[in-house]
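Participant: In this note's numbering, the protein residues as written are 13 to 274.
Here a beta-carbon is modelled for each residue, glycine too, at the ideal position from N, C-alpha and C.
1. Touch check for the stretch 133-147 and the stretch 234-243: three-plus C-beta pairs under 8 Å?
2. Looking only at its own chain, which residues have a Cβ that is under 7 Å from the Cβ of residue 148, when we skip the five neighbours before and after it?
3. Please determine if the stretch 91-103 and the stretch 168-179 are in contact, where contact requires at least 3 C-beta pairs separated by less than 8 Å.
4. Give the DSSP-derived three-state secondary structure of residue 95 in the structure shown.
5. Can you have a look at residue 220 and say buried or exposed, based on whether 16 or more other CB atoms are within 10 angstroms of its CB?
6. When you compare the CB positions of residue 130 and residue 153, do they come within less than 8 Å of one another, or not?
7. Would you list the residues sitting across from residue 194 in a DSSP beta bridge?
8. For residue 48, which residues does DSSP report across the bridge?
9. Count the other CB atoms within 10 Å of the CB of residue 250; is the residue buried (16 or more) or exposed (fewer)?
10. Are the CB atoms of residue 86 and residue 73 within a distance shorter than 8 Å?
11. Using only the alpha-carbon positions, how far apart do residue 229 and residue 142 sit?
12. Taking the CB atoms as reference points, tell me whether residue 119 and residue 188 lie closer together than 8 Å.
13. Measure the Cβ-Cβ separation of residue 183 and residue 151 and say whether it is below 8 Å.
14. Please report the distance separating the alpha-carbon of residue 113 from that of residue 93.
15. As a quick exercise: from 69, 65, 71 and 123, pick the residue whose alpha carbon is nearest that of residue 7.
16. For the candidate residues 254, 267, 263 and 268, whose alpha-carbon lies nearest to that of residue 81?
17. Can you give the beta carbon distance from residue 216 to residue 206, rounded, assuming they're within the 8 Å contact cut?
18. By the DSSP assignment, the beta strand (DSSP E) with residue 182 in it spans what residues?
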């Protein structure tokens, strides 16, 4: 091969490499993994008070790791008596932009049917800067409908104590659901998804919420509690069993809900 042909061959090879290598603009984005993930599979069976990166908070309640109802892996069982509470507690959070996504699989064996307007919470986010409690997953028994409904709520902040439930979002007992919520600090917005489907009627934000005329404002989030708490005494039923699995927190939506629902 002559020198000119060698040079030409080298240039052709270099061009082929450049064409085969994606530019920075066209390269596929790097996925963002969860900064919290817990499926309980590595925990011993039996009562539990702490796990990797989390603790518990219980009063008249207990948390137990049990074999999964699907026959694969393990799950967390939370049981409360009366108006007790049982929570998995994720502390020392510092989400970027004070915003994050959460996803978990959840089964509540029974929801309250008494007293009227019985109020319950599944998720509660808070911060140490202000007393405001943000409850992105919860609900209430509505006697005029004879049923429980999902609702987003808050307490101890300028907008007062409220749960913005909607009759278009019934809380179904005895079945697994994949639930997600997004806390977006740009507009103090809470968005809820059930089994992968957004529930726009449950969205609340700075000026759209169920409280007073004041602005609804997030605290600087550093803690998230996931579990069960009923606030009224002498409820019916008198005890509650909740199952939880596949917990994940991320700066981006984790997804996977459609594939996870049995």
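Facilitator: The relevant details are as follows:
1. Contact holds: three or more Cβ-Cβ distances are below 8 Å.
2. If we look at residue 148 and ignore the five residues flanking it on each side, its Cβ neighbours are 135, 137, 164, 193, 195, 202 and 204.
3. No, the stretch 91-103 is not in contact with the stretch 168-179.
4. Assignment of residue 95 by DSSP, reduced to helix, strand and coil, places it in the strand class.
5. Taking all protein chains shown into account, residue 220 has fewer than 16 neighbouring C-beta atoms within 10 Å of its C-beta and is therefore exposed.
6. For the pair residue 130 and residue 153, the CB atoms are nearer than the 8 Å cut-off.
7. The partner list for residue 194 (beta bridge, DSSP) reads 113 and 203.
8. 261.
9. The residue is exposed, with fewer than 16 neighbouring Cβ atoms inside 10 Å.
10. No, these two residues do not count as a Cβ contact at 8 Å.
11. Separation of residue 229 and residue 142 (C-alpha to C-alpha, rounded to the nearest whole angstrom) is 10 Å.
12. Annotated as proximal: residue 119 and residue 188, with beta-carbon spacing under 8 Å.
13. Taking 8 Å as the cut-off, the beta carbon of residue 183 is found closer than this to the beta carbon of residue 151.
14. Taking the CA atoms as reference points, residue 113 sits about 30 Å from residue 93.
15. Outside the displayed range of the chain (13 to 274) lies residue 7, so it cannot be described from this structure.
16. Distance check between residue 81 and each of 254, 267, 263 and 268 places 254 closest, using alpha-carbon atoms only.
17. Not a contact, Cβ separation roughly 16 Å.
18. Per DSSP, residue 182 belongs to the beta strand (DSSP E) from 174-182.
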